[in-house]
Every structure is written in structure tokens, then in C-alpha cells.
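Right, one structure below, let's go through it.
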């Protein structure tokens with residue numbers, strides 16, 4: 001594709017001269033524009049330089065009278081590349097819409113200089129740099145402009161005020177900084193201004209009243225300070241006001257009450273103080289009012305009851321006192337009510353259950369009294385849309401309604417941290433849509449109803465700190481989506497049901513401080529997503545499971561169970577229980593057949609004693625056998641090394657064909673003889689590292705060249721010699737600058753060695769995480785490492801080889817700083833790609849393993865390598881390990897970065913050791929690419945060829961085609 005584009009760009013001017021004279025500038029401009037793009041989905045295949053007119057091309061609209069292009073709309077075409085100068089030939093263009101693509105580069109200031117241009121939409125791309133000041137100096141008839149959701153930085157140009165015909169401006173979700181340009185209030189035609197989600201600061205100056213036609217102003221999620229402009233009430237047509245997530249302070253200006261047309265007022269996340277004035281009830285068109293996360297005090301005004309159109313009210317996280325006004329019962333259309341985290345008192349008003357609400361949160365107040373409620377069954381129609389019910393952290397008492405199962409649409413039910421008593425009703429199992437059920441920190445008693453298994457959508461079940469008794473119901477296995485199961489600090493008894501092991505999504509389990517007994521189900525080791533499993537302070541016994549999460553479980557998570565045994569609790573397990581065998585004292589000794597009393601005696605031996613004696617004998621025999629085998633192996637290698645000279649060639653065997661004492665050494669190129677003989681091959685002092693498939697040593701060839709020797713530790717699982725050698729020859733043919741070359745191998749039935757090129761500068765892990773090496777990687781070095789890894793993996797996938805074991809310790813750095821991916825293809829040595837075997841061999845790849853490893857019904861493909869690569873990308877950019885264990889927390893790198901992306905904090909993720917010495921226009925797209933590669937869904941991940949192309953675009957977008965820019 002790149003070569004084709006290059007020739008199009010270079011030869012196009014010459015081709016155009018030979019075309020039909022009717023070939024107009026629109027065709028030429030669009031073909032030149034297309035030549036600078038990457039069209040992964042082939043959306044622009046209808047665009048052909050052979051056409052005399054582009055008017056039938058997809059995304060193109062023409063004026064039927066002039067037959068010239070007036071609109072170009074390529075929204076969501078998955079295009080990438082630069083927005084080239086070819087578009088400047090479209091002299092009659094009025095509408096340019098390229099949103100929701102992957103365009104990179106800076107904004108061309110000439111795009112707005114068309115005398116006819118009315119609308120430009122470049123939103124949802126990866127454009128970077130500042131907004132050119134020249135862009136708005138000749139903006140002509142421009143009415144709409146949107147650069148939203150890009151990576152633009154710098155200030156908003158002062159020249160914006162020159163475009164007096166502008167009706168809509170949207171620069172939201174970028175990294176724009178500085179203050180609002182002083183002339184912005186002179187755009188008297190402006191109806192919509194959206195500058196939200198940027199880094200703008202300073203005060204919002206007076207003068208906004210000049211925008212008498214303004215309908216929407218969105219300045220949320222910036223760094224504005226000071227007060228709301230006193231003259232804002234002059235914008236009498238304002239419908240949407242969003243000043244959320246800033247540092248605004250003071251009280252609400254009285255002029256706000258003049259905004260009679262306002263339907264949405266959002267002041268969330270500021271530092272406003274004082275009481276909310278009664279005039280707020282005069283804004284009778286309000287549908288959404290958000291005053292949350294401020295410092296408002298006093299009572300919630302009763303005048304809110306006048307807002308008959310109100311649908312959403314959020315006054316949470318303030319300092320409101322008193323009771324919730326009864327007048328709120330007049331807001332008959334309200335759907336969402338959040339009064340949480342205040343200092344409200346009194347009883348829970350009954351109208352909350354009569355309004356047809358979809359979401360109710362009154363948590364974190366001081367509401368008390370008995371939990372009175374009307375019958376859910378009798379008022380069933382009022383609750384059909386209820387999705388969130390949060391009464392947590394109050395002082396409510398009473399019982400949970402027995403007919404609570406009628407709330408069939410409920411997604412979250414939280415009644416925790418109250419004084420509720422009685423039992424959990426069986427109807428809880430009818431909550432089939434509920435994902436979170438939290439009844440913790442109450443006075444509930446009785447058993448956990450077996451009907452809980454009917455709540456099949458549950459992801460989180462919290463019942464800790466109650467007085468529940470009885471057994472954990474086995475029906476919990478039906479809640480297959482559970483990720484958190486917290487039942488600690490109750491009076492539960494009986495054993496842990498084996499069915500728990502079927503909950504494959506479990507991450508957090510806490511059964512601590514109960515009276516549970518019996519042994520732990522062995523199947524718990526199959527819970528591959530476990531992060532925490534606490535069974536401390538029970539009466540459990542027997543051996544702790546071995547494998548998976550339980551190999552690293554903390555001592556505190558199993559303490560307080562005196563009869564548990566295993567290495568974690570530092571208590572050895574008896575093979576079986578001590579039950580003595582009593583031999584009949586009256587029986588005769590078989591050696592003599594005598595029945596004489598002199599030959600009679602009583603023998604009492606325990607089974608454990610017999611087993612101990614037998615085990616000691618076996619161990620002694622084993623030690624002798626291992627010693628003999630080691631001597632035999634060393635002797636064999638010595639004979640192999642000294643009796644023969646090792647020459648190259650794929651089929652050359654250096655051992656006599658019949659003698660099993662000799663191994664077979666094959667080098668794929670050149671002659672090889674080890675300088676210190678075979679005895680130095682596995683010298684402990686030269687050990688380089690250990691992995692899931694073996695130990696690696698460094699040794700020297702006779703010619704002075706170093707090689708790395710991997711001693712395989714999977715001999716018991718390895719294929720036959722014929723299959724082993726076949727795989728070795730395939731791997732030996734794989735040559736790529738970013739892959740560690742296999743130079744040869746050594747075979748005996750009991751010992752297999754792989755001979756690799758030696759890579760001098762150690763592993764990527766060392767450079768990122770170990771000692772003084774941590775400071776040596778610049779951004780350019782990191783980018784080159786990421787690109788090199790991608791190229792190496794792409795080559796492997798072209799050879800139909802899946803790596804399976806990708807991690808930073810398996811990426812080596814050579815003397816020139818180039819990465820080399822190692823340890824590839826070793827899984828092919830196993831007789832079959834069994835996931836249990838693979839998982840056990842690559843446990844050290846925790847955090848890199850694709851989620852499909854845990855699902856036996858999903859096919860393992862190259863996309864599992866893409867997942868590991870995505871995690872590696874994030875590790876290289878952030879300098880953090882894939883999983884980091886804190887004192888009281890576990891941080892998963894993918895989740896942390898994804899959360900930062902959602903919160904607009906991407907740059908905070910970049911390794912602080914770079915000290916801001918990195919290009920954000922490269923680093924942020926690389927992070928986003930890493931997250932896409934680490935998608936939970938394999939089909940959402942690109943293949944490695946696509947990854948290489950994307951990285952090359954990020955590094956140097958459309959290099960060689962600057963003439964189009």
C-alpha cells in the first residue's frame with residue numbers, strides 16, 4: 001500500500017497532464033488527498049483517477065448546477081494519515097467532515113480559507129499540535145468548527161474572535177491550555193460553545209451577556225477559578241450550562257434566576273459555598289440539576305418541588321442538613337435522585353417509593369427510624385424501571401422487604417451499614433438482573449437462602465459483618481458472573497462448597513472469621529483470575545491447594561486455621577491420618593509356622609510410620625539413581641565433546657549411530673567446538689536466567705564467540721527425537737533482526753540443549769526495572785524497542801508460529817539497542833498444546849497472558865501474542881510491571897492505564913523518569929495502541945502486521961509525502 005501511494009504521489013502530476021481536458025481540480029484534489037491515506041477497510045475504492053467527475057464517489061456531494069464538490073463527508077471511515085493539501089483544490093467546498101477516523105499530524109491553517117467553507121468537523125481523530133492562529137484570520141463564512149476529541153495543545157488563538165459568523169465552536173476533549181481569549185464574547189452569532197475537558201485556566205471574564213443568542217455553554221473539566229460571571233443572566237436563551245469540574249467558588253449569582261429557558265444546569269465538582277437560594281425553583285424548565293461535590297450548606301430548598309419537568313437531581317457530597325423536603329413529591333417526572341454524602345436527618349420519606357424512579361441514592365447521611373415501605377407487590381408498576389437503590393451508610397432499621405424480588409429491573413441494591421435485622425428473604429433470588437447486592441454491616445441473621453442461585457447476573461455479593469449462620473449454599477454456582485464473594489465475619493459453618501470452583505470469574509473471595517470446616521476443594525486452583533482469597537480464622541483442615549494463585553497466597557489469608565497444612569503455613573502434611581494397624585498377636589510367624597508362645601508377639605505400627613519408612617527408602621534409592629544418572633550424563637557429554645569434532649550442517653550427527661552414550665549435536669551454520677569442553681556447558685557460575693522451559697547458561701565456542709545454552713526442563717513432556725529435530729530445523733531457519741537466532745541443538749534421551757546467539761545487553765526487564773539500568777532508556781529507545789518487538793512478532797506470525805510466552809524477560813537488548821524476542825516456538829515441543837501444561841510453564845507471565853487462556857472453549861491464536869505485546873507496550877511506556885503488589889492493593893497495569901484514559905489523565909501514566917522529555921503526539925497514541933492490543937476480546941485486537949504499520953505512522957506519519965502537507 002505504501003509503495004503504491006508513493007508512486008501515485010510522485011507520478012500524479014505527470015499523469016494529469018495526459019488526461020482528458022475535462023478532468024477537473026476536484027478529481028485531482030481528491031485523488032491526491034486519497035494518496036496520502038491508509039484506507040484499511042477499502043471505503044474509498046470507488047474513487048478512481050479515471051473518472052471525469054467525483055460526484056458519484058462515496059462521501060462526496062456536488063452542486064448539481066456546477067457539478068463541483070460542495071461536501072466531503074468521510075465520518076467513521078477508519079482512515080488514517082494526514083489531511084493533505086489536495087483538499088485545497090476543492091474551490092467550492094462548503095462542508096468538510098472527517099470525524100471519527102485516525103488522522104494524525106497538525107491542522108492545516110489553509111483549510112478555513114475557502115470563501116465558501118461553512119462547516120469543518122475534524123473531531124475524534126489523533127491530530128496534535130496547536131490550533132494555528134492563521135486558521136481563523138480568513139475564515140470567511142465559516143459557521144461551524146469542531147476539533148473535539150483530538151490531542152491538540154496550546155492556547156485558543158485570539159484570532160477566533162475574527163470569525164463573527166461562527167454559530168458553533170467545539171474544541172472539547174483536547175489538551176488546550178491558557179486563558180479564554182479576550183475577544184471570545186464578541187462572537188455575537190455564537191449559539192454553542194464547548195471547551196470542556198481541556199486544561200484552560202484563569203477567570204471566566206464578564207462580557208458573556210454579549211452573546212444574546214447563546215444556547216449552550218460547556219466549560220466543564222478545566223481549571224477555571226473565580227466566580228461565575230455576574231452577567232450570565234443576560235444570555236436569556238441559554239438552555240445548557242456546564243461549569244462542572246473546575247475550581248469555581250463563591251455563591252450563585254442572582255442573575256442565574258433569569259435563565260428561564262435553562263433545561264440543564266451542571267455545577268458539579270467546584271467549591272461553591274452558602275445556601276442554595278429559593279429562586280432555584282423558578283427555573284421551571286429545568287430537567288437536570290447537578291450541584292454535587294461542592295460546599296453548599298443549609299437545607300435543600302423546598303422550592304425544588306416547583307420543578308415539574310425535573311428528571312435528574314444530584315445534590316450529593318455537600319453539607320446539606322435537615323430533612324428532604326416533602327415538596328419533592330410534586331416532581332412527578334423525576335427519574336434519578338442522588339442526595340448521598342450529606343448530613344440529612346429524619347426518616348426516609350415514603351414518596352421515594354411512589355415516584356417511578358429509576359435511580360435512588362440516599363447513602364452516607366443520618367437518616368434513621370424504621371425502614372417503612374409500601375408493599376412492592378401492591379405497587380408493582382411504580383418500580384418497573386428501578387435500576388439503582390442505594391440506602392447504605394445510614395441508621396435505618398427494620399427488615400428487608402419479603403417481596404423485594406418484585407424489583408425485577410434492579411441492577412444495584414445496596415443496604416449496607418445500617419441496622420437492618422431479620423433474615424434475607426428468599427425472593428432475593430428473583431433479582432435476575434441485579435449485578436451488585438450489598439447487605440454488609442447490618443444485624444441480619446438466619447442462613448443465606450439457597451434461592452440466591454437465582455440471581456444469575458450477580459457480579460458482586462457482599463454479606464460480611466452480619467450474624468448469618470448455616471452453610472454456604474452450593475446453588476451459588478449458578479451465579480457464574482461473580483467476581484467478588486465477600487461473606488466474612490459471620491457465623492457460617494460447614495465446608496466450602498466444591499461448586500465455588502466453577503465460578504471462573506472470581507477475583508475477590510473472603511470467607512474469613514466464620515466457623516467453616518472441612519478441606520478446601522482442589523478445584524480452586526482453576527480460578528485463574530483470583531486476586532485475593534481470604535479464609536483466615538476458621539476451622540479448615542487438610543492441605544492447601546497447590547498451583548495457580550495458591551502458590552503465592554499470603555500467610556495472613558490462611559492464618560487462624562490450626563489444622564491447615566502446607567508450605568504457606570509452614571506446616572507439613574501427613575500423607576494420611578494416623579490409624580494404627582494391630583496385627584493379631586495369636587497369629588503364627590510365617591517363616592516357621594510355629595504356634596509356640598515364644599514366637600508370638602504383638603505388633604502395632606501406624607500407616608504413617610510405614611509410609612515414612614517406605615518413603616525414606618525410596619528417597620535413598622532416588623538419590624543414588626540421580627547421582628548415577630548425573631555421572632552418566634556428564635560422561636556422555638564429555639565423550640560427545642572429545643571424541644568428535646563438531647561441524648555444521650543440518651543433518652550432521654556427531655555421535656555413533658548405535659551408541660546410546662553419545663548425544664547428537666547439530667549446528668546450523670559454521671563449525672562449533674566448545675572452548676572448555678562439554679563440562680563447561682552447564683556451568684552454574686555462567687547461569688543467565690531461568691524460565692518456564694529451562695535454565696540458560698553462557699558459554700564460549702572455540703573461536704571465541706559466546707553462545708547461550710538453554711537446558712530444557714520439559715524432558716518428560718517433550719516429543720520424540722524425530723519430532724524434536726524436525727521442530728529444531730524449522731526454528732533454525734527463522735532469521736530476523738528482532739528475533740534471537742537458534743544456532744543449533746544437542747540431543748540425548750535425557751538431556752536436550754538449545755544453542756542460541758548470545759545477546760549482550762540483557763533483558764528488557766533489567767533495563768526497565770533493575771538497578772542502575774533503569775535510567776538508560778530514552779523515549780526514542782523505548783519506541784524503537786516497541787517497534788522492533790512488533791516486527792519480530794509479525795515475522796513469527798507470518799511463519800505460523802505463536803510465541804505463547806511473551807514477557808519482558810524474554811525480550812533481549814543487543815549492543816546497538818535493538819530488541820530481540822527470544823524463547824519463541826518452545827511450546828511446539830510439547831506433545832500437544834495443553835493449556836494446563838502451558839499455563840504451568842508460563843506462570844511467570846502473569847499479567848501478560850490473554851484471557852482466552854482461562855476459557856477452554858476459545859481457540860488460542862496469534863491474538864494471544866498481540867495481547868501480551870499490548871501489555872509489554874504499556875510496561876515500556878509506563879515503566880511499571882504488568883501486576884504490582886502494594887501493601888493493601890494489587891494494581892493491574894492495563895486497568896490502571898485504561899482508567900487514566902477514561903479520566904483524561906493519559907500523560908500521568910508515562911514513566912516519570914522521562915521527566916516530560918517525550919513527544920506526547922507519539923507517546924499517547926502508543927499507549928492507546930497498547931490498550932487496543934490488550935483488549936479482552938481477541939477479535940478487537942489488530943494483527944501484528946497492522947501494529948507495525950500503525951507504529952510506523954505514529955513515528956513518522958506519511959514520511960516522504962511532505963509536499964501534500
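In the UniProt record's numbering, the protein residues as written are 1 to 965. Cβ coordinates follow ideal geometry from the N, Cα and C atoms, glycine included.
Excluding five sequence positions before and after residue 427, the CB atoms of its chain that fall closer than 7 Å to its own CB belong to 402, 403, 404 and 405, given in chain order.
Between residue 268 and residue 314, the C-beta spacing is below 9 Å. Here residue 146 has 121, 123 and 170 as same chain residues with Cβ atoms under 6 Å from its own Cβ, once five neighbours each way along the sequence are excluded.
Under DSSP, residue 708 forms a beta bridge with 698 and 756. Residue environment for residue 144: buried (at least 16 other C-beta atoms within 10 angstroms of its C-beta).
The DSSP-derived three-state label of residue 188 is coil. A straight line joining the alpha-carbon of residue 304 with that of residue 252 spans about 16 Å. Straight-line measurement puts the Cα of residue 551 at about 39 Å from the Cα of residue 701. Here residue 809 is not bridged, per DSSP, to any residue. Less than 9 Å divides the Cβ of residue 397 from the Cβ of residue 420. Beta bridge pairing from DSSP links residue 412 with 388 and 436.
In the structure shown, the three-state DSSP call for residue 284 is coil. Assignment of residue 299 by DSSP, reduced to helix, strand and coil, places it in the strand class. DSSP places residue 779 inside the alpha helix (DSSP H), whose first and last residues are 779-798.
In the three-state reduction of the DSSP assignment, residue 767 falls in the helix class. A contact is defined here as three or more CB-CB pairs under 8 Å, and the region 75-90 fails this definition with respect to the region 925-945. At a cut-off of 3 residues, the continuous stretches assigned as beta strand (DSSP E) that sit fully inside the region 533-573 are 539-543 and 563-565. DSSP places residue 939 within a helical segment (H, G or I) once states are collapsed to three.
Within the DSSP bridge table, the entry for residue 321 names 299 and 343 as partners.
In the three-state reduction of the DSSP assignment, residue 113 falls in the helix class.
Rounded to the nearest whole angstrom, the CA to CA distance from residue 297 to residue 536 is 44 Å. For the 9 Å CB-CB criterion, residue 178 and residue 140 do not form a contact. The C-beta distance from residue 539 to residue 561 rounds to 7 Å, short enough to fall under 8 Å. When secondary structure is reduced to three states using DSSP, residue 135 falls in the helix class. Taken through DSSP and simplified to helix, strand or coil, residue 98 comes out as coil.
Annotation: the continuous beta strand (DSSP E) that includes residue 338 extends over 336-338. Between the region 734-751 and the region 789-798 there are three or more C-beta pairs closer than 8 Å, enough to call the two in contact.
Measuring C-alpha to C-alpha distances from residue 515 to each of 493, 891, 507 and 705 identifies 493 as the nearest. From the listed residues 488, 175 and 131, the smallest Cα separation to residue 158 is found for 131. Scanning the region 475-510 from its first residue to its last, the whole beta strand (DSSP E) runs of 3-plus residues come out as 484-486, 491-494 and 508-510.
Between residue 384 and residue 410, the alpha-carbon positions lie close to 9 Å from each other. Between residue 246 and residue 270, the beta carbon gap of about 6 Å places them in contact (Cβ cut-off 8 Å).
For residue 57, the secondary structure class from DSSP, reduced to helix, strand or coil, is coil. Secondary structure in the region 851-896: the alpha helix (DSSP H) runs of 4 residues or longer, each lying completely within the stretch, are 863-878 in chain order. Within the same chain, Cβ atoms closer than 6 Å to the Cβ of residue 76 are found at 100, the five residues on either side in sequence being excluded. When the beta-carbon positions are compared, residue 947 and residue 931 stay at least 9 Å from each other.
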